[in-house]
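The next block holds one structure in the form of structure tokens; read it before the comments.
Numbering (the numbering used here), first residue to last: 891 to 1867.
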């Protein structure tokens, strides 16, 4: 070939090389986008259990490995690997466009696939793997082939290593960028379907451009195996590396890398929380590190004259960096807790997640990135074919990652924990270093021994894991807690690193708590209200329900309380075995559901089980963790509610816990709209200021007098149920409990659902809640405004209608007082007055309602009514009268307040509080002499009463100021209590 022609071909090849680099950068971004998108879609089919996730990961990696191996062999035989690369990218794009339809069809088939295999986890996982591989296998095979094809195209006899590290770095950095863009921007804004379409369109464009660029390029130069190019060392010093040694090393290091990455993910979930944004940041840092490592090889290491010892050195540095990161875990936990108040900004939260992830992962990831091109460099010297070399190393490395990904989650962490899993990974790196260490001279054996001793010593001196009480307390959410205080005040009862999460049970001075990845998911304290409400309130409205499904075991209280009713059968889905194993620590409160023959445990994802079973249920109780956690929002989508509706009997009821804390009105309205789009009848149970339960059915929710009477009979027949209700709710009367907590029903919910002015629903494809909820997590708690907005939507007349519907009578009129208190606590005085007025129509002399009328409507009470009401109240409850008197004084009605306390001191002349309050009311009425006498009487009864002393001192200063003609103090004496 003439020199001019060769130069022209060289220039054209150089331009094509840089264009291919840009295309491969973009291709890396689309590949990672597909991984995120497809994994999320398959979680809708198979669920989020460890076995289900392992099946999807294995399918993805297995296909990549096959593609790398087969296309690596093909690359050395075709004239234009770049043309084939373009065809692969186009194939990926077209196949990606078809995958949403295939997954939709698989959803319809999931019941036929899953139902016969329930209780057979191995066969079930194998079926999941096969069906997943049939769908994502073809595009992933093509993805695996892109790297060896490109490297073969741009490898010449004079530059063996030039394209390998550069293209691998370019593709991996593109993947890091794709991870960031997809996780932080595309999915939150346009959802799964549109993101998939956009990525496919980009793949089609990449393929078309690659085909155009391939035209006119010279044929890829053959590389005879007998002529390895530019050996890094003299021929007599080349190590006797058998291909199997290189392939084995690639597989071992791939396995070790995935062990570390999964361990880091588990550890960072404790430091940063388990939101989708936190996981995106973790993955982005690892990919960036791998890309940077490959760049390091490309820019500096490829020209080093002797790289024979480089693998051992890199693995040694990688091990030391990993050990250093493990030592930082407690300190990173404290750092995450210390800056909780600053995490209201999403930008700060993202920056914090990236920074903490980098401290733990970045240096080891850089080492991982160096190893792949280094192995390819060593393999080229022996194999002599670029495509085969790259494809084989990539395939074996990928198969190693497959073993690491599945084995770590399913075996290593549940069996040995994260700390020992790290030790296993470091041991694998040590084995890989020894396997690839040159051994032609005696000094090589000594060096190998030294490296072995260094790695063994590093493992031996690696820090022991921190006390789980320090790292599993959820400091990322609850804030920093001093280690010494934690260890002094908490008692560790149980700790287990399960397949999917860490489960810790601790005991405070007042309660036992269940922590899942640090966050408290259940307790014997205030959480009992929600746990018992999920068992009892659906039962009040559907007393005949016998077949129950509970999604989420938690402390076991909901399942255990449900089983207190005779003939009830409970099937409970729990994704984490360690959560169920902790049930024994809650036995005093949860009624030991596992001991009942009517209890069935299913260790699987609740949604996946519901989609796969053919069984119908009377009640489906969903008590998941918070929807800001990645994957949990799958239980709040329209598709989940449609599945629940299909699995309910005609009069069946869905009960779902929904939080109020760290939740915006728009989030709650989104969930409510989504439920209402599927179920025609919906109601809200307000459990507390932080918890609600959505009740949904195809028939009216609120029940009838017959159903309420049947529920009351069931309560009366069970001493344990009565004890639960009395202890935690203050009453075992069903009507009173419903009046207190069932606050909204039917069309009254429409205003709340449309409060934010939006019509969008939460679906599998837009995942709106999964991306919106984490944004509120560290913002100022808006619980009280959200409670107020829920109650402000309620129609006060509904309570009178419901009371009549349930057959309430005079003896239960006090239930209106409980309902009025709920509204009064949120300063919704108008609705509270209407509810009180409705209650008084049933019992005009009900003392609590009379007191409510006095405190809520003092201006509307005439003297005769006031006197009669006060007499009734005093005869019933003196402390209630004192509370009303204080409330009236707070509203400026000192005349009414003074009358109440005058009557109280007559009945209870030894009450210091009553005398002091009487004194204050007299003072505000200008009756100074009477006020002084009342104060002196209070102090005579108890000279050491600090509240009375302070109030009297303020009164005295005001009196002295008036006597001397000075301006009285700006703050008048207030009520002492």
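By construction, the Cβ of each residue, glycine as well, lies at the ideal position given by its N, Cα and C atoms.
Annotation for residue 1384: no alpha helix (DSSP H) segment contains it, though the beta strand (DSSP E) segment containing it runs 1381-1387. Cβ neighbours of residue 1619 within its own chain (closer than 7 Å, five residues either side excluded): 1627. Note on geometry: alpha-carbon atoms of residue 1418 and residue 1382 lie some 20 Å from one another. Residue 1413 carries a strand assignment under DSSP once its states are collapsed to helix, strand and coil.
Excluding sequence positions up to five before and after residue 1160, its CB lies within less than 7 Å of the CB of 1223, 1361, 1362, 1392, 1407 and 1408, all in the same chain and listed in chain order.
Residue 966 and residue 908 have their C-alpha atoms some 21 Å from each other. If the five residues before and after residue 1249 are omitted, its C-beta is found closer than 8 Å to the C-beta atoms of 1215, 1218 and 1222, all from its own chain and listed in chain order. C-alpha of residue 1544 to C-alpha of residue 1565: approximately 10 Å in a straight line. 1499 is the residue among 1412, 1630, 1488 and 1499 whose C-alpha sits nearest the C-alpha of residue 1010. Contact between residue 1424 and residue 1511 holds: CB atoms are separated by about 5 Å, below the 8 Å threshold. DSSP, reduced to helix, strand and coil, places residue 1490 within a strand of the structure shown.
Around the CB of residue 1563, 16 or more other CB atoms lie within 10 Å, so the residue is classed as buried. It is roughly 27 Å from the alpha-carbon of residue 1824 to the alpha-carbon of residue 1742. Taking a 10 Å sphere around the C-beta of residue 1647, we find fewer than 16 other C-beta atoms and assign the residue as exposed. Looking from the CA of residue 1769, the closest CA among 1738, 1783, 1153 and 1730 belongs to 1738. A direct Cα-to-Cα measurement between residue 901 and residue 1142 gives close to 40 Å. Membership of residue 1547 in the beta strand (DSSP E) is indicated by the continuous run 1538-1549. In this structure, DSSP gives residue 1652 a state outside helix and strand, which the three-state scheme calls coil. Residue 930 and residue 950 have their C-alpha atoms spaced approximately 13 Å apart.
Under the DSSP assignment, residue 1522 falls outside any beta strand (DSSP E); it carries neither an H nor an E label.
In the structure shown, the three-state DSSP call for residue 1213 is helix. Residue 1606 counts as exposed, since fewer than 16 other C-beta atoms from the protein chains shown sit within 10 angstroms of its C-beta. In the three-state DSSP reduction, residue 1295 falls in the helix class (H, G or I).
Here the segment 911-930 makes contact with the segment 1083-1100; the two share three or more CB pairs at distances below 8 Å. Note on geometry: alpha-carbon atoms of residue 1019 and residue 997 lie some 15 Å from one another. For residue 1314, the uninterrupted alpha helix (DSSP H) segment begins and ends at 1303-1325.
Rounded to the nearest angstrom, the gap between the Cα atoms of residue 1150 and residue 1349 is 14 Å. From the listed residues 1467, 1456, 1317 and 1372, the smallest Cα separation to residue 1145 is found for 1317. In terms of Cα proximity to residue 1311, the closest of 1324, 1327, 1294 and 1411 is 1294.
Cβ-Cβ separation between residue 1555 and residue 1645: approximately 6 Å, consistent with a contact (criterion under 8 Å).
Annotation for residue 1437: 1459, 1507 and 1508 place their beta carbon closer than 6 Å to its own, counting only its chain and skipping 5 residues before and after.
Taking a C-beta distance under 9 Å as the contact criterion, residue 1133 and residue 1269 qualify as a contact pair.
Taken in chain order, the unbroken stretches of alpha helix (DSSP H) that lie wholly in the segment 1182-1230 and span 4 residues or more are 1200-1228.
Here residue 938 carries a coil assignment [DSSP, helix/strand/coil].
Rounded to whole angstroms, the separation of the alpha carbons of residue 1179 and residue 1252 is 5 Å. Taking residue 1232 as the centre and dropping the five residues before and after it, the same chain places the C-beta of 1238 closer than 6 Å to its C-beta, in chain order.
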